[in-house]
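Heads up: the sequence shown is residues 72 to 220, going by our numbering. Where is the CB? At the ideal position from N, CA and C, for every residue including glycine. Reading through the structure tokens given below for one structure.
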Amino acid sequence: MASSDSNPPLPLGSAPSPPKKENITPVGSKIAELNESRTELLNRIQGLKQDLKNWRSKLDTQVKIYRDELTELKKTLNVEVEQLRSEFQELRNTLHQQQEDVTAGLRNLGLQDVSEGAKEAENPKVKLEGKDEETHTSSIKENGYEVNI
Numbered sequence: 072m073a074s075s076d077s078n079p080p081l082p083l084g085s086a087p088s089p090p091k092k093e094n095i096t097p098v099g100s101k102i103a104e105l106n107e108s109r110t111e112l113l114n115r116i117q118g119l120k121q122d123l124k125n126w127r128s129k130l131d132t133q134v135k136i137y138r139d140e141l142t143e144l145k146k147t148l149n150v151e152v153e154q155l156r157s158e159f160q161e162l163r164n165t166l167h168q169q170q171e172d173v174t175a176g177l178r179n180l181g182l183q184d185v186s187e188g189a190k191e192a193e194n195p196k197v198k199l200e201g202k203d204e205e206t207h208t209s210s211i212k213e214n215g216y217e218v219n220i
């Protein structure tokens, strides 16, 4: 009828087998290895953290140096630009003054040309034996320029 087993069947994986003495020894050495490895990793992490801190410090120093250099370059550039603006303004003023002087000179020449044209109409040149000869002319000063009449 029924089997008379005193031990009911155990489901698979429900209860671990009792530890054997053979398994205990390797576990102790594994724990020691893991602890040593953990210590090494923590030391490496601390070293990397220190390296990162040093790197950031150097980077911050370089950034500050570059910013200072850029600020100085910017100031120098602004001074040079301002000097160029001033020089260009001086050139514009000089050019404008020269243009006014040339215009005034041309006006005076225009008046002189008109005066010379009138003089030629009044005192025509007479050609004698193939040579140009002017008739009697006199000169007077007009507006600071000598004009022949």
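Keeping to the same chain, check which residues put their C-beta closer than 8 angstroms to that of residue i; ignore five residues upstream and five downstream.
| i | result |
| --- | --- |
| Leu-130 | none |
Expressed to the nearest angstrom, what Euclidean distance is found between the alpha-carbon atoms of residue i and residue j?
| i | j | result |
| --- | --- | --- |
| Asn-114 | Glu-104 | 15 angstroms |
| Ser-108 | Arg-138 | 44 angstroms |
| Leu-119 | Lys-145 | 38 angstroms |
| Thr-165 | Asn-179 | 21 angstroms |
| Pro-97 | Asn-106 | 14 angstroms |
| Glu-161 | His-167 | 10 angstroms |
| Leu-182 | Glu-151 | 46 angstroms |
| Gln-133 | Ile-102 | 46 angstroms |
| Trp-126 | Thr-147 | 31 angstroms |
| Lys-135 | Thr-110 | 37 angstroms |
| Glu-153 | Thr-142 | 16 angstroms |
| Asp-172 | Asn-149 | 34 angstroms |
Within a Cβ cutoff of 6 angstroms, which residues of the same chain sit near residue i, ignoring the five residues on either side of it in sequence?
| i | result |
| --- | --- |
| Gly-176 | none |
| Met-72 | Here the model assigns Met-72 a pLDDT of 48, short of 50, so the residue's position is not dependable, and the following value carries that caveat. Within the same chain, Met-72 has no close Cβ partners at all. |
| Gly-84 | No answer about Gly-84 holds up, because its pLDDT of 49 lies below 50 and its placement is not dependable. |
Please classify residue i: does DSSP put it in a helix, a strand, or coil?
| i | result |
| --- | --- |
| Val-98 | helix |
Do we get a CB-CB distance below 7 angstroms when we pair residue i with the residues of chain D?
| i | result |
| --- | --- |
| Ile-116 | The chain labelled as chain D is not found in the depicted structure, where only one protein chain is given. |
Exercise for the section: Entirely within the segment 129-159 and at least 3 residues each: give me those beta strand (DSSP E) ranges in chain order. Expected result: If one requires a minimum length of 3 residues, no beta strand (DSSP E) run lies completely within the segment 129-159.
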